[in-house]
Amino acid sequence: MSDNDNEDALEPATAVLPLDAWHRERGARMVEFAGYWMPVQYEGIIAEHSWTREHAGLFDVSHMGQLSVSGEGAAEALEALMPGDFSALGEGRVRYSLLLSENGGILDDLMVTNAGPHYALVVNGATKWDDIAHLREHLPDEITLTHHDEQALLALQGPEAAAALARIAPMAGDLRFMQAGLAIWDEVPLWIARTGYTGEDGFEISVPAEAAAKLADALVAMDEVRPAGLGARDSLRLEAGLPLYGHDLTEEIDPVSAGLAFAISKARRTEGGFPGADRILGLLADGAPTRRVGLALEGRMAAREGAEIFAGNESVGRVTSGGFSPTLGHPIAMGYVAAAHTEPGTALEIEMRGKRLPAKVTKMPFVPHRYHR
Amino acid sequence: MTRYFTEEHEWIAVEGETGTVGITDYAQGQLGDITFVELPEAGSEVKKADSVSVIDSVKAASDIYAPVSGTVSGVNPALEDEPEMVNSDAEGAGWLFKLTLSDSSELEGLMDADAYKSYVDGL
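For the record, the sequence lines run as chains A and B.
If you want the numbering used here, it's the position in the first sequence, counting the first as 1, plus 22.
If you want the numbering used here, it's the position in the second sequence, counting the first as 1, plus 30.
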């Protein structure tokens with residue numbers, strides 16, 4: 023027995039996050055991910071996946087980078103690096119955005135919140151050091167960038183998340199999807215955003231590292247809440263059609279091909295002024311030659327990252343992530359396919375281990391989002 | 031019937047010239063929820079350490095190697111509809127395939143149950 027999947031190159035020393043002991047006490051299997059020891063599962067991926075879809079799963083995502091950007095002109099400074107309209111973003115509002123390279127490639131996908139005195143950014147764990155370097159290089163000197171590595175980040179996701187969290191932070195129940203605010207719980211400041219990566223209603227909670235275990239204990243003590251690991255996080259986000267940076271998104275991929283044109287604010291479509299604007303606005307007008315699509319497979323064999331996609335004998339694309347969908351009971355995948363073959367319902371084949379697996383182009387999300395709008 | 035184990039976490043239970051092959055309970059626990067088992071074709075000849083089967087879990091795909099050389103004489107038909115049987119009974123009803131051994135001296139290089147247990151305890 024051996025894993026076929028290549029792990030990403032790891033940093034030589036694997037770092038420990040604030041809840042490391044908490045996970046181990048609860049029987050988590052820990053794996054190295056983005057340079058940290060992270061819990062991949064507790065009782066099992068499918069059980070945690072289903073529990074999150076039906077109740078509420080508690081995920082530790084403290085590996086992600088929590089940054090703040092402040093100073094006179096912070097919104098404009100961010101707009102020079104991303105295609106969002108942050109000047110028009112109201113206080114307590116969250117936007118999904120993209121850090122873009124000069125030619126319009128995606129350096130990272132992230133959440134930007136107008137937190138009042140500053141903009142709060144949550145970036146991917148695997149890319150945070152590159153993001154910080156990129157921001158330091160490109161933000162003007164009068165803008166301050168702070169990395170809040172003293173904060174842990176917990177995600178509480180699922181249809182019962184709101185009822186659970188409101189018991190310790192009543193304001194959470196008043197937030198709508200993509201809104202955020204501050205709660206004080208037992209003298210602990212909790213920065214709560216109604217956001218997530220599962221397609222379910224839920225929250226991401228920034229908490230001082232020293233209070234993270236106390237918060238996690240308080241949440242899993244509730245009947246609705248069970249801990250869930252990275253394994254379930256990945257299968258949930260795949261069902262929700264949400265791309266994973268480093269797999270479905272890379273520096274070689276632009277926002278239009280990725281189906282993320284919604285992250286280019288209306289005002290920015292006419293004004294431009296973000297990195298790669300010429301190329302990206304051209305793709306918006308003319309259509310991208312390849313596009314990210316969802317694929318539903320027949321049978322039970324999963325298609326994995328890197329598998330080639332065929333229309334008859336013609337190679338038309340490649341799978342960027344794939345796996346078994348616990349909710350649907352069959353494998354699903356996402357990948358990039360030549361535009362002519364992206365219409366939902368198009369029959370394609372995916373080559374896995376010398377076999378051709380029938381697959382149909384499917385609208386994403388595979389499992390409907392249930393955000394609290 | 032004697033049961034042998036490999037460092038890759040396969041087991042083979044041998045009776046005469048026939049061996050039944052599966053993965054160990056430790057292995058199924060490491061793989062997590064199993065969603066598909068790709069089995070070798072009956073009649074195919076396999077060499078010791080060849081990748082002969084693939085197990086898909088929610089997380090990843092894992093190769094299963096032939097513990098010894100031989101000819102595949104049958105596969106577990108129940109796994110087509112119930113691959114999760116490998117999770118629930120890895121060393122019994124969740125067996126993968128049967129082999130007619132071509133060189134039973136290859137068994138000498140494998141571990142017995144006690145040696146395998148010490149091997150896993152050391153992981």
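Cβ atoms here follow ideal geometry from the backbone N, Cα and C, with glycine treated the same way.
Bear in mind that the values here come from a model prediction, so they are computed numbers and not experimental data.
Where residue i falls: helix, strand or coil (DSSP)
i, result
"B:Glu-136", "helix"
"A:Ser-109", "helix"
"A:Leu-122", "strand"
"A:Glu-101", "helix"
"A:Leu-41", "coil"
"A:Gly-316", "strand"
"B:Tyr-149", "helix"
"A:Pro-265", "coil"
"A:Ser-279", "coil"
"A:Pro-311", "coil"
"A:Glu-33", "Its pLDDT being 47, under 50, A:Glu-33 is placed unreliably by the model, and the measurement read from it follows with that caveat. The answer is coil: DSSP assigns A:Glu-33 none of H, G, I, E or B."
"A:Pro-192", "helix"
"A:His-169", "strand"
"A:Glu-159", "helix"
"B:Tyr-56", "helix"
Any C-beta of chain B under 8 angstroms from that of residue i
i, result
"A:Ile-372", "no"
"A:Ala-250", "no"
"A:Pro-61", "no"
"A:Phe-388", "no"
"A:Gly-79", "no"
"A:Gly-345", "yes"
"A:Ser-287", "no"
"A:Ile-67", "yes"
"A:Ser-405", "Shown here, chain A extends from 23 to 395; a query on residue 405 of chain A therefore has no answer."
"A:Arg-326", "yes"
"A:Met-86", "no"
"A:Ala-323", "Checking the displayed sequence, the identity of residue 323 of chain A turns out to be Met instead of Ala. It does: the Cβ of A:Met-323 has a partner Cβ on chain B nearer than 8 angstroms."
Proximity test, Cβ basis, 8 angstroms: residue i and chain A
i, result
"B:Asp-55", "no"
"B:Asp-119", "no"
"B:Phe-66", "yes"
"B:Ala-108", "no"
"B:Val-88", "yes"
"B:Val-51", "no"
"B:Pro-113", "yes"
CB contact flag (residue i, residue j, <8 angstroms)
i, j, result
"B:Leu-129", "B:Ser-92", "no"
"A:Ser-123", "A:Glu-293", "no"
"A:Lys-404", "A:Thr-364", "Outside the modelled stretch of chain A, which goes from 23 to 395, sits residue 404 of chain A, for which no answer is possible."
"A:Ala-202", "A:Ala-215", "yes"
"A:Leu-241", "A:Leu-178", "yes"
"A:Ser-400", "A:Thr-168", "With chain A covering 23 to 395 only, the question about residue 400 of chain A has no answer from this structure."
"B:Asn-117", "B:Ile-64", "yes"
"B:Ser-83", "B:Glu-68", "yes"
"B:Ala-96", "B:Val-76", "yes"
"A:Leu-39", "A:Ser-84", "yes"
"A:Ser-228", "A:Trp-207", "no"
"A:Leu-370", "A:Ile-331", "yes"
Closest residue to residue i among the options (Cα-Cα distance)
i, options, result
"A:Ile-354", "A:Ser-337, A:Pro-390, A:Leu-317, A:Val-389", "A:Leu-317"
"B:Leu-131", "B:Phe-35, B:Gln-58, B:Trp-41, B:Thr-48", "B:Thr-48"
"A:Glu-164", "A:Gln-63, A:Pro-311, A:Leu-100", "A:Leu-100"
"A:Ala-289", "A:Pro-40, A:Tyr-267, A:Ser-109", "A:Ser-109"
"A:Arg-46", "A:Ala-235, A:Tyr-267, A:Pro-380", "A:Ala-235"
"A:Ala-184", "A:Leu-305, A:Leu-80, A:Asp-308, A:Asp-42", "A:Leu-80"
"A:Ala-205", "A:Ala-188, A:Glu-320, A:Thr-217, A:Leu-303", "A:Ala-188"
The ligand MG heavy atom lying under 7 angstroms from the CB of residue i
i, result
"A:Ala-369", "Although the ligand MG was asked about, the structure shown includes no ligands whatsoever."
Same chain, Cβ closer than 7 angstroms to residue i, five either side skipped, listed in chain order
i, result
"B:Leu-224", "This structure leaves residue 224 of chain B out entirely; chain B is present only between 31 and 153."
"A:Glu-182", "His-77, Ala-78, Glu-246"
"A:Gly-281", "Arg-313, Arg-314"
Close beta carbons around residue i, own chain, < 8 angstroms, minus the five adjacent residues each side
i, result
"A:Met-356", "Leu-260, Gly-263, Pro-265, Asp-270, Arg-314, Val-315, Gly-316, Leu-317, Val-341, Thr-342, Ser-343, Gly-344, Met-386"
"A:Glu-33", "The pLDDT assigned to A:Glu-33 is 47, lower than 50, so where the model puts this residue is not dependable; a value taken from the coordinates is nonetheless given after this. Result list for A:Glu-33: Gly-57, in chain order."
"B:Leu-140", "Tyr-34, Phe-35, Thr-36, Ile-42, Pro-97, Val-98"
"A:Glu-415", "Summary: the structure shown does not reach residue 415 of chain A, with chain A confined to residues 23 through 395, and so no result is reported for it."
Cβ shell of residue i (< 6 angstroms), same chain only, five flanking positions each side left out
i, result
"B:Ala-123", "Met-115"
"A:Arg-51", "Val-62, Gln-63"
"B:Thr-32", "Val-44"
"A:Asp-27", "Since pLDDT at A:Asp-27 reaches only 47, below the 50 mark, its modelled position is unreliable, and no value is offered."
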